[in-house]
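Everything in the sequence shown is counted per this note's numbering, starting at 7 for the first residue and increasing by one. Note that beta-carbon positions come from the ideal geometry of N, C-alpha and C, so glycine has one too. Everything on this sheet refers to the single structure shown next.
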Amino acid sequence: MSGRTFLAANWKMHLYPGEAEMLLQQLRLLEAEKGAWPFPVVVCPAHVYLSLAVERLSGTSLQVGAQNGYPGEFGAYTGEVSMAQLRAVGCTHVIVGHSERRQYFGEKGGLLQKKVQDAQARSLKVIYCIGETRAEREAGETFAILEGQLREALSRVDVAWDKLIIAYEPVWAIGTGLNATPQQAQEAHGFIREWLRKAGAPAEAVPILYGGSVKPANAEELFAQPDVDGGLVGGASLIAADFWAIAAALQKAKGALT
Ligand code: PGA
């Protein structure tokens with residue numbers, strides 16, 4: 007298995023406290039029963055459950071990440087949570103640039119660049135998300151969009167490549183049940199790795215995850231692609247057994263490749 011193999015759960019704005027508690031408990035039990043997860047696995051709940059997740063997952067191999075964070079330590083930014091605060095409560099990772107943040111909250115460019123830089127400076131690893139919409143794909147603009155999204159946050163700054171994970175998430179595949187084909191995913195991932203190479207990154211060491219309707223039934227064929235190093239899983243990560251099945255598919259796909 008390559009050192010790039012990686013899996014993340016994006017719980018989004020889901021679950022009441024009792025449900026979050028139960029899902030964390032199920033993830034713990036799965037590990038107790040079947041053994042440690044064989045590669046880094048990060049659970050990203052809503053902010054209100056971060057401390058709970060850190061506490062409940064302590065002593066397991068699972069790590070906790072946030073779905074968003076704001077650059078800086080403290081400040082008059084009502085409603086925001088800083089990267090420094092995320093680190094202080096025990097997060098190891100933070101998602102930056104998810105398409106829902108871009109689409110609904112207008113995040114782009116300089117802000118994303120600051121988020122990446124500040125998170126890394128505070129020892130958080132960044133899961134940086136990029137992806138094209140259906141209209142962009144149909145217009146043949148996929149690579150140009152990916153290139154622009156990579157450039158806007160990762161150029162002109164000192165990126166700590168060892169604290170970076172890229173997630174390719176085609177917007178048309180997120181939450182739609184319509185995943186990219188393994189070929190479409192590989193094509194995009196290959197393009198991203200080549201961009202990283204040209205940017206001077208140790209491209210062979212940076213995990214590139216696929217996200218967008220990953221489920222137990224399609225995980226293995228997606229993960230079998232050489233440049234698909236793992237997944238960022240939304241809906242299916244809310245069901246412990248499905249998330250475990252996706253992890254097992256990842257292990258199988260990568261175990262078979264090496
Ligand atoms: P999905 O979400 O698995 O529910 O499609 C993925 C994501 O947005 O990270």
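Just to confirm, is the Cβ distance from residue i to residue j under 7 Å?
| i | j | result |
| --- | --- | --- |
| residue 100 | residue 130 | yes |
| residue 226 | residue 251 | no |
| residue 246 | residue 32 | yes |
| residue 212 | residue 228 | no |
| residue 134 | residue 174 | no |
| residue 172 | residue 151 | no |
| residue 46 | residue 12 | yes |
| residue 30 | residue 62 | yes |
| residue 234 | residue 186 | no |
| residue 87 | residue 123 | no |
| residue 16 | residue 160 | no |
| residue 167 | residue 194 | no |
| residue 75 | residue 92 | yes |
| residue 177 | residue 137 | yes |
| residue 188 | residue 231 | yes |
| residue 60 | residue 70 | yes |
| residue 126 | residue 169 | yes |
Using DSSP with H/G/I as helix, E/B as strand and the rest coil, what is residue i?
| i | result |
| --- | --- |
| residue 26 | helix |
| residue 15 | strand |
| residue 245 | coil |
| residue 55 | helix |
| residue 266 | Residue 266 lies beyond the stretch modelled for the chain, which goes from 7 to 264, so this question has no answer here. |
| residue 156 | helix |
| residue 83 | coil |
| residue 112 | coil |
| residue 105 | helix |
| residue 259 | helix |
| residue 142 | helix |
| residue 125 | helix |
| residue 42 | coil |
| residue 61 | helix |
| residue 21 | coil |
Check the DSSP bridge columns for residue i and list the partner residues they point to.
| i | result |
| --- | --- |
| residue 99 | 71, 131 |
| residue 88 | 76 |
| residue 48 | 14, 69 |
| residue 252 | Partner(s): none; residue 252 has no beta bridge. |
| residue 136 | 174 |
| field | Every unbroken alpha helix (DSSP H) within the stretch 216 to 241, with a cutoff of 4 residues, ordered by chain | value | Whole alpha helix (DSSP H) segments, 4+ residues: 222 to 229.
| query | Can you list, in chain order, the stretches of the alpha helix (DSSP H) that have 4 or more residues and sit fully within the stretch 163 to 214? | reply | With a minimum length of 4 residues, the continuous alpha helix (DSSP H) runs that stay inside the stretch 163 to 214 are 188 to 204.
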